[in-house]
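Residue numbers (my numbering): 189 to 582.
Everything below concerns the one structure shown next.
Shown next as C-alpha cells:
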C-alpha cells in the first residue's frame with residue numbers, strides 16, 4: 189500500500205500511462221516530436237492530480253469501507269463519543285430542532301436571521317490555528333466546520349449554505365460537510381453550495397421586512413452583498429445576539445450534563461497538577477501538566493490559556509506568560525478550565541507547592557476559603573443570590 193502512495197512511483201506511473209496514451213491516440217511524426225516532452229508533462233500532471241484526489245477520497249475507507257465521513261464525528265464514525273440520533277456528542281437531533289424552533293418563535297414575523305460559521309484564523313502564512321466554531325452557529329446547527337452560512341426564516345426554516353470540497357483541500361485537510369451533510373446530518377430544510385449564496389440570499393433578503401445577524405462575528409461572505417448593505421443603510425438590520433443569548437441562558441438537561449463533565453475534568457486535572465507541583469517547580473510546567481490531564485480525560489482543548497502565577501504573579505488577573513520558576517515559599521494561583529464538546533469550565537485555586545503556609549498566608553487562605561463556602565451556600569438560595577456580589581467586596 190505504501191508503494192502505491194509513493195509520490196516518485198506515482199509520477200513514474202503517470203508518465204508511462206501518458207506516453208502510452210500519446211502513442212495510442214496519435215501517430216508521432218518528426219514535426220510533432222519537438223512538442224512531445226512538454227505535452228507528456230502536462231498529461232502527467234493531470235493524471236497525478238486525478239490520482240491524488242482519488243487516493244484522498246479512498247483513504248477514509250481503507251479500514252472499514254462503510255463509514256461516511258462528514259468532516260466531524262458521527263455516531264457511525266465515533267461510536268465511543270456519540271449515540272445514534274445525536275448531531276454532536278451529548279446533544280440529540282431533536283434538541284437542535286427545538287432550538288431552531290424557539291429562535292423562530294422569538295423572531296418578528298417575516299424576518300430573517302443570518303449566522304456565519306467562524307472563519308479559519310492563521311498562525312503563520314500557511315499554518316492555521318486549531319479551528320473553534322462560532323458559539324451561536326454551533327448551538328443552532330451542530331456544524332463544527334468553517335465556511336458555512338446558516339439562514340433562519342419562518343418560510344425556509346433552516347437554510348444552510350455549505351462549502352464545496354476541492355481536491356487540493358481534501359488531500360491536505362480531509363473531507364468536509366457539504367450540502368448532503370446539511371440535509372442528512374444537520375437536518376436543514378434547504379441546503380445549497382456557498383457558491384450560490386450571492387444568487388439565492390439576496391432574494392430572501394428582499395422578501396424579508398427585518399434582518400438579524402451577529403454583528404461581532406459577521407463575515408464578508410454575506411455582508412458584502414449589495415442587498416445586505418442596502419438593508420443596513422435603511423435601518424433594516426439588527427443584532428441577533430439579543431435572541432441567541434436569551435436561548436443559551438437556559439440550559440437543557442443534556443447541556444447541564446456536559447457542563448458538569450467539563451467541570452469534573454478540570455477539577456481532576458487541577459488536583460493531579462497540585463499533587464505534582466513540587467516535582468514541576470515552574471509555571472510553564474504546571475500549565476503543560478494541567479492541559480495534559482484535561483486532554484487525557486477527553487477535553488478537546490482548554491477553555492482559555494491557563495493562568496499559572498507563582499508569588500507576585502498571582503496578583504495579575506489575566507497573567508498568561510507562565511514563564512517564571514516558582515520559588516520556595518511562594519503560593520501558586522491557577523485559573524484554568526477546559527472545553528468538552530463546546531461546553532467550558534472555569535475554576536481558580538491557590539495552594540502551596542511545599543504543602544505548608546506561613547502564618548500570614550494561612551490567614552489569607554482561610555479568609556478566602558470561608559468566603560467561598562458562604563458564596564456557594566447563598567447561590568443555592570435564590571432570595572440571597574443578589575447578595576453574593578456584595579459578599580465578595582471588601
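Quick reminder that beta carbons are idealized off the backbone N, C-alpha and C, glycines included.
Proximal residues to residue i (C-beta, below 6 Å), its chain only, five neighbours per side dropped
i, result
"residue 403", "427"
"residue 399", "300, 419, 424, 425"
"residue 564", "none"
"residue 439", "none"
"residue 523", "495, 536"
"residue 448", "none"
"residue 401", "302, 428"
"residue 578", "none"
"residue 397", "298"
"residue 569", "none"
"residue 277", "269, 270, 529"
CB of residue i within 9 Å of CB of residue j, strictly
i, j, result
"residue 327", "residue 432", "yes"
"residue 375", "residue 275", "yes"
"residue 502", "residue 519", "yes"
"residue 295", "residue 342", "yes"
"residue 338", "residue 303", "yes"
"residue 331", "residue 340", "no"
"residue 505", "residue 495", "yes"
"residue 367", "residue 335", "no"
"residue 525", "residue 321", "no"
"residue 415", "residue 441", "no"
"residue 318", "residue 489", "yes"
"residue 555", "residue 538", "no"
"residue 460", "residue 481", "yes"
Three-way DSSP call (helix, strand, coil) for residue i in this model
i, result
"residue 464", "coil"
"residue 519", "coil"
"residue 568", "coil"
"residue 426", "strand"
"residue 542", "coil"
"residue 470", "strand"
"residue 578", "helix"
"residue 438", "coil"
"residue 477", "helix"
"residue 562", "helix"
"residue 483", "helix"
"residue 210", "At residue 210 the pLDDT is 41, less than 50, meaning the model places this residue with poor confidence; the figure from the coordinates comes in the next sentence. Reduced to three states, the DSSP call for residue 210 is helix."
"residue 447", "helix"
"residue 525", "coil"
"residue 372", "helix"
"residue 377", "coil"
"residue 531", "strand"
Cβ neighbours of residue i in the same chain (closer than 7 Å, five flanking residues each side left out)
i, result
"residue 470", "513, 514"
"residue 388", "380"
"residue 186", "Since the first residue of the chain shown is 189 and the last is 582, residue 186 is not available in this structure."
"residue 485", "453, 456, 457"
"residue 271", "263"
"residue 476", "none"
"residue 407", "304, 307"
"residue 464", "477"
"residue 509", "none"
Of the residues the options, the one placed nearest residue i, counting alpha carbons only
i, options, result
"residue 528", "563, 434, 446, 264", "446"
"residue 134", "504, 479, 485", "Nothing can be reported for residue 134: it is not among the residues displayed for the chain, which extend from 189 to 582."
"residue 325", "313, 318, 305", "305"
"residue 517", "486, 533, 537, 549", "549"
"residue 362", "578, 373, 261", "261"
"residue 498", "542, 531, 534, 481", "542"
"residue 329", "569, 412, 285, 552", "285"
"residue 435", "556, 287, 308, 525", "287"
"residue 280", "373, 553, 422", "373"
"residue 298", "392, 545, 523, 482", "392"
"residue 472", "507, 312, 540, 283", "507"
"residue 534", "421, 467, 451, 468", "451"
"residue 585", "500, 410, 290, 540", "The structure shown does not extend to residue 585, since the chain is modelled only from 189 to 582, so the question has no answer here."
Beta carbon proximity, residue i to chain C, threshold 9 Å
i, result
"residue 541", "Here chain C cannot be found, since the structure has a single protein chain."
Sequence-distant residues of its chain with Cβ nearer than 8 Å to residue i (five each side left out)
i, result
"residue 371", "379"
"residue 377", "344, 345, 346, 347"
**OP:** Within the segment 380-421, note down every full alpha helix (DSSP H) run reaching 4 residues or more, in order along the chain.
**Re:** The qualifying runs are 385-395, 408-411, 414-421.
**OP:** Counting only runs of 3+ residues fully inside the segment 332-368, write out the beta strand (DSSP E) ranges in chain order.
**Re:** Fully enclosed beta strand (DSSP E) runs of 3 or longer: 337-341, 345-350.
**OP:** Run through the segment 247-334 for me and flag every whole beta strand (DSSP E) of 3 or more residues, listed as ranges in chain order.
**Re:** DSSP runs (the beta strand (DSSP E)) wholly in the segment 247-334: 274-276, 299-304.
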